[in-house]
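Asks: I'd like to ask you about the structure that follows.
Residue numbers (the working numbering): 9 to 501.
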């Protein structure tokens, strides 16, 4: 007799038949502390244990993405289990034949070996994450995966979720560029200003546009793909994936996943485990991505200014440095070391800061074109800015991290400036990825990491670092982890 019965209820959940002891073990197994839980008022008031719990011991339901983890645990602990009403977890697919079919969808070139491998894993396992670095051609993977399902698996209702309206337009444009002649008959878009029929096989939408739909809306979909799925931990995306309980295929793609166990657990719960992984350094070595240098520029502030402001909170420090009048002199330094024909992306966090930088550039570089992308810029205009840059030289693209750090494909970028502070691993690595795509006008891309150095020595001789310096130490670890070359420069401001 089995100790555990795993019964498949639908494509979102399984129920577990087991005794109380195992029930409690599974509750703890699929739990993890949330980042910063100690500071949450609910935790402080003993109203919450600080954890995210993916398994319900009351209803004994477990998200289907965690079933493989459950099976691995049972095997490691010699727990007898059986699968009920589950069917085959994996499909058997002839990889060589699949490759021929995939390449028949593409006009003018063939998919790279790693792209074939990624699509094969997605088709075979049906649920999971393709962790593939920026510039590896994830849109081609998604395109061929969707077309294979449509042609070979007769999957006729598919939803592709992307994080921004820019990526809705870009994805549609990419599908056309790959050679899909019947694109308009098979694909439609949903976002503000776009009204689809909901009758075509593939819908491309942002999660924001899908947020207001009820559960029944998602029941028709047989496949859901989430691009930049590191955002799948967000409540809305998670709710969508759980509501799509008839979706046989649930696949996420991303260049970077969070390192926090609780966030990984939430992503795995709705999508499954990582099926495929490819890092930037491997594609740089193979010549598929542009070589890069990280130029860490430390802005040295006057001693008197540091002394006056050394006890600032993090929010006060960020506001202070962004408003510091002479800080923009580093733009003169960077642009002075950048060939006049090179296109530069400058990324900032806040609108007020963006306006200050814009005014500085337009005053001091009147002959340069400065293009702006914020949340207020409409999708069609963003797409025009993106595509027009291919034919421009010496353009400065000024944008917020929120609109540009993820997914946007602009090959003709020669330099990227991280002009606002961040310690988010995902934001930093995704932002660097904007410049890694190959282009015949560049042999390498320079990533300028701007660091505000307000550190000072205490009376006992210990160096106390300000918040921006502390956060750079974390970014430096990301660069070391990714094997990115780093050089350091100091500039007085």
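Beta carbons: idealized from backbone N, C-alpha and C, even for Gly.
Quantities reported herein were computed from a predicted structural model and do not represent experimental measurements.
Return the residue from the list 44, 191, 122 that minimises the CA-CA distance to residue 58.
Replies: When only C-alpha atoms are compared, the closest one is 44.
Asks: Which whole runs of the beta strand (DSSP E) in the stretch 389 to 442 are 3 residues long or more, in chain order?
Replies: Counting whole runs of 3 or more residues, the stretch 389 to 442 contains the beta strand (DSSP E) stretches 404 to 408, 423 to 426.
Asks: Starting from residue 201, follow its DSSP beta bridges and name the residues at the other end.
Replies: Partner(s): none; residue 201 has no beta bridge.
Asks: Counting only runs that start and end within the stretch 14 to 44, where is the beta strand (DSSP E) found for 3 or more residues in a row?
Replies: Segments of the beta strand (DSSP E) lying fully in the stretch 14 to 44: 21 to 25, 39 to 41.
Asks: Assign residue 49 to one of three DSSP states: helix, strand, or coil.
Replies: Of the three classes helix, strand and coil, the one that applies to residue 49 here is helix, per DSSP.
Asks: Quick check for students: name the residue ranges of the beta strand (DSSP E) that lie wholly in the stretch 201 to 231, counting only runs of 3 or more.
Replies: Runs found: 210 to 214.
Asks: Whose CA, out of 281, 47, 344, 191, lies closest to the CA of residue 72?
Replies: Among 281, 47, 344, 191, the Cα nearest to that of residue 72 belongs to 281.
Asks: Run through DSSP, which three-state label would residue 256 get?
Replies: Note: residue 256 maps to coil in three-state DSSP.
Asks: So residue 167 is in the beta strand (DSSP E); what residue range does that whole segment cover?
Replies: Where residue 167 is concerned, the enclosing beta strand (DSSP E) stretches over 166 to 170.
Asks: What first and last residue would you give for the alpha helix (DSSP H) that runs through residue 479?
Replies: Element bounds for residue 479: 475 to 489.
Asks: With a threshold of 8 Å, are at least 3 pairs of Cβ atoms found where one atom belongs to the stretch 487 to 498 and the other to the stretch 462 to 470?
Replies: Not touching, per the Cβ criterion.
Asks: Please check the pair residue 497 and residue 292, which I expect to be a contact at CB under 8 Å, by giving their CB distance rounded to whole angstroms.
Replies: 23 Å between Cβ atoms; not a contact.
Asks: Rounded to a whole number of angstroms, what is the C-alpha to C-alpha distance between residue 367 and residue 406?
Replies: Roughly 11 Å between the two C-alpha positions.
Asks: Please state if the CB of residue 209 and the CB of residue 164 are separated by a distance shorter than 8 Å.
Replies: Yes, the pair counts as a contact, with Cβ atoms nearer than the cut-off.
Asks: Just verifying my parser: in three-state terms, what is the DSSP assignment at residue 445?
Replies: Reduced to three states, the DSSP call for residue 445 is strand.
Asks: Just to confirm, are residue 351 and residue 400 a CB contact at a threshold of 8 Å?
Replies: Against a cut-off of 8 Å, the Cβ pair of residue 400 and residue 351 comes out as a contact.
Asks: Return the residue from the list 412, 31, 419 that minimises the CA-CA distance to residue 384.
Replies: Per the Cα distances, 412.
Asks: Does the Cβ of residue 171 have 16 or more other Cβ atoms within 10 Å, making it buried, or fewer, making it exposed?
Replies: It counts as buried.
Asks: Does the distance from the C-beta atom of residue 182 to that of residue 88 stay below 8 Å?
Replies: No, the Cβ-Cβ distance between residue 182 and residue 88 is not below 8 Å.
Asks: Taking only three categories from DSSP, how would you classify residue 89?
Replies: Residue state, collapsed to three classes: strand.
Asks: Considering only DSSP beta bridges, list what residue 282 is partnered with.
Replies: BP columns for residue 282 point to 137.
Asks: Using the three-state DSSP reduction, which class does residue 238 fall into: helix, strand or coil?
Replies: Three-state DSSP puts residue 238 in a helix.
Asks: Look at residue 127 and residue 153 and say whether their C-beta atoms are less than 8 Å apart.
Replies: Yes, they are a contact pair.
Asks: Relative to the C-alpha of residue 581, which residue among 337, 365, 174, 41 is closest?
Replies: Examination of residue 581 is not possible in this model, given that the chain is present from 9 through 501 alone.
Asks: Taking the alpha-carbon of residue 393 as reference, which of 226, 159, 177, 24 has the nearest alpha-carbon?
Replies: It is 177.
Asks: Evaluate residue 201 with the Cβ neighbour count: other Cβ atoms within 10 Å of its Cβ, from every protein chain shown; 16 or more gives buried, anything less gives exposed.
Replies: Classification of residue 201: exposed, given that the 10 Å Cβ count is below 16.
Asks: Taking the runs of the beta strand (DSSP E) that are 3 residues or longer, which of them lie wholly in the stretch 337 to 391?
Replies: Within the stretch 337 to 391, the complete beta strand (DSSP E) runs of at least 3 residues are 352 to 356, 378 to 381.
Asks: Would you check if the distance between the CB atom of residue 167 and the CB atom of residue 229 is smaller than 8 Å?
Replies: Yes, these two residues count as a Cβ contact at 8 Å.
Asks: Looking at residue 317 and residue 18, is the spacing between their C-beta atoms short of 8 Å?
Replies: Taking 8 Å as the Cβ cut-off, residue 18 and residue 317 do not qualify as a contacting pair.
Asks: From residue 149 to residue 372, what distance separates their C-alpha atoms?
Replies: Using only the alpha carbons, I get a separation of about 43 Å.
Asks: Going straight from the alpha carbon of residue 41 to that of residue 270, what length do you get?
Replies: Taking the straight line from one Cα to the other gives about 6 Å.
Asks: Can you find a CB in chain C that lies within less than 8 Å of the CB of residue 84?
Replies: Any reference to chain C falls outside this structure, which holds one protein chain only.
Asks: Ignore the nearest five residues each way along the sequence and tell me which others in residue 227's own chain have a CB closer than 8 Å to its CB.
Replies: Cβ within range, chain order: 251, 252, 253, 254.
Asks: Under three-state DSSP, which class holds residue 303?
Replies: Of the three classes helix, strand and coil, the one that applies to residue 303 here is strand, per DSSP.
Asks: Run through the DSSP bridge pairs and tell me what residue 500 is partnered with.
Replies: 308, per the DSSP bridge assignment.
Asks: Would residue 430 and residue 361 be called neighbours here (beta carbons separated by less than 8 Å)?
Replies: Contact flag unset, no.
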